[in-house]
Each structure stands twice: as C-alpha cells, then as structure tokens.
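Contents: one structure, followed by commentary.
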Amino acid sequence: MVKINSKKSYPEVPVLPTTVIGSYPRPKWLKESIRLSSAGKISKDDLEEAFNDSVIAVMRDHEVAGIDIPTDGEMRRDEMVEFFAEHLKGFKFYGYVRVWGDAYYRKPSVVSRVEYKKPMLEGEVKFAQSVSYTKNLKVTITGPYTIADWSFNEYYKTKEDLVFDLAKIINQEIKNLVKMGIPFIQVDEPALPTHEDEIPWGVQAINEAVKGVDVKVGLHICYGDYSKVMPFADELKVDQLALEFKNRDFKDLELIKRFGYSKEIGLGVVDVHSKKVETPEEVAKGIKKAMQVLEPEKIFVNPDCGLKRLSRKVAYQKLVSVVEGTRMVREELKKKGLSTIQLKPIVNR
Amino acid sequence: MQISKSIVGSYPKSPKLAKAQAWYNAGKIGKEKYEKYLKTYTAKVFSLAKEINASYTTDGLLRWDDIVDVTFSFVKGPTKGPLIRFYDNNFYYRRPIISSKLAKEDSNLVEAMGFSRDVMKETGASSKLKGVFLGPLSYYRLSEVKHYKNPEELMMDYSNVVSETIDDLKSTIDAVEIHEPSMFEKRIKNELITKLPEIYSPISSTGVEKHVITYFEMSHLERLDNFLSIKAEYHGIDLSENLTKVAKIYPHLKGISLIAGVLNTRTTKLEKVSSINKVLSNINQHGAKEVVLSNSSLMDFIPEMIAVKKIKLLNKVGGGKN
Ligand SMILES: [Zn+2]
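From first to last, the protein sequence lines stand for chains X and E.
The first sequence begins at 34 in the numbering used here and counts up one residue at a time.
The second sequence begins at -10 in the numbering used here and counts up one residue at a time.
So, in structure tokens, the structure goes:
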C-alpha cells in the first residue's frame, strides 16, 4: 500500500483547479487526414504528423483558455474501449455495433485471456509532455469494468474474472504513466452504475486498478444514476469523483450531503450535450453551490464530460467560461487566504 | 412436434444505411435515393430468411432507429424525449414523452410495411411477413408518462391503438410480433402483470396471427403462466439468456406453440448446434405443440457478421431438416 505524505513532492496548483475530462473536438483537418489515411492516400508518417499537430493545437486551446490541468484531447483515440482493446492481447473485432441512431463503435470480443503487451499510452503521453505548457497533465484511461461491460465475453467464465484480469493490466499501465511523471490519472468508468448488482465487485476491481498509485487519481462516471455508486464512495480508493453536475442542474450535489461524501469532486460545470455556452456567472454560481456541501480545497472544476461531440469553437468557449467563472470565485477565496492547493493523493491505496 | 424457424425483431443496421438515413433526414438526399439504400439492406434480411427456409420473418426494422422508434410512426401524441438506455444494454433509444391521450397515427407504418412487402416479393422469400410492435407493458415502462393517472389506462389506450393499426395492416402483413421485454423485469409490479390478459384483449381480438415474445433475463419466473395466458397464437421465450432456468421453464410448455429463442443476440459467442438440439428435445419431451426456433431478441446488439452466422446455425439444427 502506498503511504501518502511521503517524501515525494507534489506540484502546487491554484485553488479550484480547472481541468478537463479528456476528449476535445478533433480539428477538421485531422478528420480529413484520418479519412485519407484509411483510403491509403497519405502515409502513416503523414497521419502521425497530423495527430501531433492536432495535439499541439488542442494544447494551445487549453492554454489560451487558461486550463490549469489539461489533457491532450485524446486526439489519437477513436473510442474509449476500442483503443485499449486494440492494444491488448485477447480481443477480437467482428464489426460495428450501433449504440443509437447512426452512432456506432467496433465492440470488441474477448476471445482468449487478456494480456498486457506493452505500454499503450506511452507514445501519446510522451508527445503531449513534450509540447505541454505545464507539467500538470492529466491522463485518462478507461477502467476495467467499462472495458469489460462494453465488450463481448466469449472466453471468461464470468464477467468478474475478466474485469479483475483487466484491472491488473490497467494497474500496470497506470504505474507506467506515474513513472513518466504524470501527476493526475483519471480512470473513466461510465458503465459502472449500469448493473447495480455488479457495483460491489466493480468497485473492488477499480481499487485493484489503482493499487499503489501515488499520484492524484480521479474516477469519472457519466450518464448513470450516481445514487447507486455513492454508497461505495468510501470504499473506492480514488481521491476524486469527476461527475456531471451541470446537465442535472447541480441537483446531485444533494448526494454529497446525503451520503456524507468527504473526498474531492471534479465538478462538471458545463453541459457537453448542449451547444449553448454557459456564462462565467453560471459557472461561478455552480461552484458556489458545490461549496455549500464541500470545502473549496476539495473541488476541481471541469466540464461534465469529454468535449469531443461539440464544435471546436463551442468547446473552446465553454473552457473559457469554466476558467473565468472559476476566477470569480477564486477572488473571494483569496480574501480568506486560500489561493493554492497541492496536487496530491488524499487516500492510501 | 412440428419445428420451424423465424427471424425475430431487428437486424443489425449497416453503418452505410444509417448514414444514408442521416443524409435523408437532413435533406441531403431524396426519398428515392434513400429508399434504394433501404431496399438493398432490407433485401438482405429476406434473403437470409429464404436461405434458412424461415416460416416467418420481420423486415429487420431497418427503417427505424429501434423498436421504440417504430411506435412514433403509429401513435399520435407522444414526443421524442432524451436518449435513454435500453434496459441494461449499451444501446439507447428516444423516450416517448406522453403528454396527451394516445391516438392512432395514419399511414406511416402501412406505407413502410407495404415497401417491405414489395422488397420481400422481389427476393423470392416465401416466409410469412411479421409486423413488429412494442407491447403495452414495455411501452409503458419505456415512456415518460405525464398525461395518464395510472398505467392501466395508458396501456389500454396503447393496446387499442396497436389493435387499430394491425387492422390497417391486415392486407400487408401475415402476422404480428409483439415484444414484451419488461414481462419478467424486477421493477414491474406483479399487479400489472395479472392485468395483462385484459389489457391485451383489443390486440388479441384482431384477426391477424399474433406472436407475443419476451426476452432478456427472467427475474420473476412465477410470471410464466401469466405470460402464457396472454391470448396469442405463439409465445416466445428467451431460452439463451436463461439457461440456468430452463429446467423450470419446460414443465410450463405443454400444449404451447413456442417461439424458442435459442440464439443469444447479446454475445458474439456462437451457440453449439448440439446444445440447441438438446433444448429442442427437452421442449419436445415436455409436450410443446409446436416450436419455432429463432434468435432470442433484437439483433442490434451484435455485429451483422455474427448475426448472419448465428441465424444460419438454425439450418444445422435437428439434423438439418426442417
Ligand atoms: Zn463522460
């Protein structure tokens, strides 16, 4: 188990750090490059250059908007499960499966024991670090439960067996990221609330995935019913729950009180399903609401979810509102002598 | 015991068709061009039915987003709400928001089924064509109800609308398939279940052959007799997802015309023909009157390639005979 407050030094960030959940709209020219590449019209190197350039562009958007803890916008990831299934042993793809309307993904099937081949995110993270305006990068990784839930299981006797094997793999990957100097890991588990009877062992699997990780760890959950997960909040060995609050009109802040939740939250302050850009005042109001149920030192400010479905212009404007709204509240906190916090783990794991 | 085959519910929609639909809805292509796409892909469903010599088939519901989407074509009143998870699947539908009394919407579905009928004729498939409806219980469960004070009233009105729509379709389709995935669901109260035969009475009294089918996990097995007492020519059960419960299901099948869902459409793992044969012999031993082998539920959940492989397995069941 990792003991916190060890000699490791942790970076300082402004109070109410602003961050993102992960994905950012791919620039149009990147989409075009991907299309040309799959049609065999441009080389692999050209595509790689386009990916790299887009990370630079996304980083720049985050920097100009004033985000304290950016990601690389997940430019290289088509979809959050496909990406990891492609890089692990044991998965097979049979084709596209529809999620709704004309939205599809290549739902993978587990056909043999899942195994870690080599670091999956090292390349993209190295590049992001080389062009980032800050050392305080967040890296997102899909959690073991969601990878299993969004795959077909042809091999394992139980889903639970599969999830725990995946947890070990994710743990290896996260540890590699920590070694690379990443100070903030976010595990994405949108599927966690889906099957209520599986949450108890799903939580244990997530703990397995973050075991021994001595940097800040967040858990992002979207779409589901948070009241199903909240009873397990203490058991979950993550520092932070990054949740959608804005598109539920901040009603779920009530859960924090109801369940006596005392760790950190990543407060979703802008709706990623709406083109309407929230004003900084709206953002500030949301933060203040959250401060009624949780100390400001425990609040990170971010969009509800990844921004990739929005236009780049709207996504950028939403980030600007996140930052400006946060600054308004920070001014008030400054008067009380609160201006920075440490980006560090708060639970032992 | 007579044994035959059926394709049930939806067929995996090709991403190309979905794209064409999006173009059509956005006004980028005209109706004629869109229907050409639709025809190409719908023909694939009928050709598959022909290949396995299916007694019954649907048109694969390719025109619609999902089974709930079909209801908007024949029920007047409800508006399309937000995307909601379809049971515990990673598949989403637009929830009907019901703010006024339900009434029948004219023509849409009749035209759609007429189109499918024509496509079927061209493929030379001789299966009986089924129209697909969401059942009253599941319709209630999947909607947001603002207008009705109690679920029975809503279900009764819906049942009447379905019944009138079936009447309109009489000359176009050979049978109807009514889906009740909520039948054995935990969150449904037993008191609603006991009222189903009455709620179904308008549908039951239509002159068209009726297949009522349920699928996914059966949480309340004690409802099996309630289900089988809904008046219909055939009753469909998802055996593939309830393998641990089949021993308890068999004794209820005496004299029943069963649609046996033996192909699990929520996994890519292919069934063993020997296992299906075993199920078949068990059903026979327990005195079922007739069995129609089919996929267990909607096929949206698996890639098309797997759906085809699974359906073709039915050709090998029972020693390859019909
Ligand atoms: Zn999300």
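Quick reminder that beta carbons are idealized off the backbone N, C-alpha and C, glycines included.
Because the structure is a prediction, the values reported are computed rather than measured.
What residues from the segment 247 to 275 of chain X come within 7 Å of chain E, judged by C-beta to C-beta, listed N to C?
-> Under the 7 Å Cβ criterion, the segment 247 to 275 of chain X contributes no residue.
Do X/Gln162 and X/Lys171 come within 9 Å of each other at the CB atom, strictly closer than that value?
-> no
Could you tell me whether the Cβ of E/Tyr81 comes closer than 9 Å to any Cβ of chain X?
-> yes
8 Å contact criterion, which X/Phe124 and X/Val143 should meet: CB distance rounded | About 6 Å; that satisfies the 8 Å criterion.
Where does X/Asp383 land, buried or exposed, given buried means 16+ other C-beta within 10 angstroms?
-> Residue 383 of chain X is absent from the model: chain X starts at 34 and stops at 382.
Looking only at its own chain, which residues have a Cβ that is under 7 Å from the Cβ of X/Arg345, when we skip the five neighbours before and after it?
-> Pro58, Pro60
Would you kindly work out how many angstroms separate the C-alpha atoms of E/Lys2 and E/Ala15, rounded to a whole number?
-> 19 Å
Just the C-alpha distance for X/Ala72 and X/Ser66, rounded to the nearest angstrom, thanks.
-> 10 Å
Residues that X/Val132 contacts on chain E, provided the C-beta gap is smaller than 8 Å = At a beta-carbon threshold of 8 Å, the residues of chain E lying near X/Val132 are Asn79, Phe80, Tyr81, ordered along the chain.
Name the chain X residues that come within less than 7 Å of E/Phe290, Cβ to Cβ?
-> Val130
Within the 9 Å Cβ cut-off, does E/Thr256 reach chain X?
-> yes
Alpha helix (DSSP H) containing X/Ala317: first to last residue?
-> 313 to 324
Are any of the Cβ atoms in chain X nearer than 9 Å to that of E/Gly309?
-> In this prediction, E/Gly309 scores a pLDDT of 48, lower than 50, which makes its location untrustworthy; no coordinate-derived value is stated.
Taking the continuous alpha helix (DSSP H) assigned at X/Trp62, which residues delimit it?
-> For X/Trp62, the enclosing alpha helix (DSSP H) stretches over residues 61 to 71.
If we count the other Cβ atoms within 10 Å of its Cβ and call it buried at 16 or more, is X/Thr191 buried or exposed?
-> exposed
Interface residues of chain X facing E/Pro67 [CB-CB closer than 7 Å] = The contacting residues do not exist; E/Pro67 stays about 18 Å from chain X at best.
Looking at the C-beta of X/Tyr349, does it have a partner C-beta in chain E at a distance below 9 Å?
-> No, X/Tyr349 lies away from the interface with chain E (no Cβ there is under 9 Å from its Cβ).
Is there a Cβ from chain E that is less than 9 Å from the Cβ of X/Ala323?
-> It does not; no Cβ of chain E falls within 9 Å.
Can you name, in chain order, every residue of its own chain whose Cβ lies under 6 Å from the Cβ of X/Ser145, other than the five neighbours on each side?
-> Gly123, Tyr188
How many Å lie between E/Ser194 and E/Tyr129 at the Cα?
-> 21 Å
Taking a Cβ distance cut-off of 8 Å, strictly less, list which residues of the segment 176 to 199 of chain X are near chain E, in chain order.
-> Those residues of the segment 176 to 199 of chain X that come within reach of chain E (Cβ to Cβ, closer than 8 Å) are Asp182, Trp183, Phe185, Asn186, Glu187.
Rounded straight-line distance, which links the Cα of E/Asp107 to that of E/Val99 | 12 Å
Considering only the beta carbon of each residue, do X/Tyr294 and X/Leu340 sit closer than 9 Å?
-> no
Is X/Gly339 near ligand 1, with its Cβ less than 8 Å from a heavy atom?
-> yes
Which of helix, strand or coil DSSP assigns to X/Pro47 | strand
Beta carbon proximity, X/Ser26 to chain E, threshold 9 Å = Here chain X comprises residues numbered 34 to 382, so residue 26 of chain X is not present and cannot be evaluated.
Could one say the Cβ of X/Tyr57 lies closer than 9 Å to chain E's Cβ atoms, at least one of them?
-> No, its Cβ sits nowhere closer than 9 Å to a Cβ of chain E.
Can you tell me whether DSSP reads X/Lys368 as helix, strand or coil?
-> helix
Taking buried to mean at least 16 other C-beta atoms within 10 Å of its own C-beta, is X/Ala83 buried or exposed?
-> buried
Does the Cβ of E/Tyr239 lie closer than 8 Å to at least one heavy atom of ligand 1?
-> no
Short Cβ contact (9 Å threshold) for X/Ile374 with X/Pro103 | no
Within the same chain, show all residues whose beta-carbon is closer than 8 Å to that of E/Asn311, passing over the 5 residues directly before and after it, in chain order.
-> For E/Asn311, the pLDDT reaches just 43, beneath the cut-off of 50, and the residue's location in the model is therefore unreliable, leaving the point undetermined.
Could you have a look at E/Pro71 and say whether DSSP puts it in helix, strand or coil?
-> strand
For the candidate residues E/Ser89, E/Lys17, E/Tyr223, whose alpha-carbon lies nearest to that of E/Val197?
-> It is E/Tyr223 whose Cα lies nearest to the Cα of E/Val197.
So, helix, strand or coil for X/Pro141, using DSSP?
-> Assigned with DSSP and collapsed to three states, X/Pro141 falls in strand.
8 Å Cβ shell around X/Pro233 - same chain, five flanking residues per side excluded | Phe265
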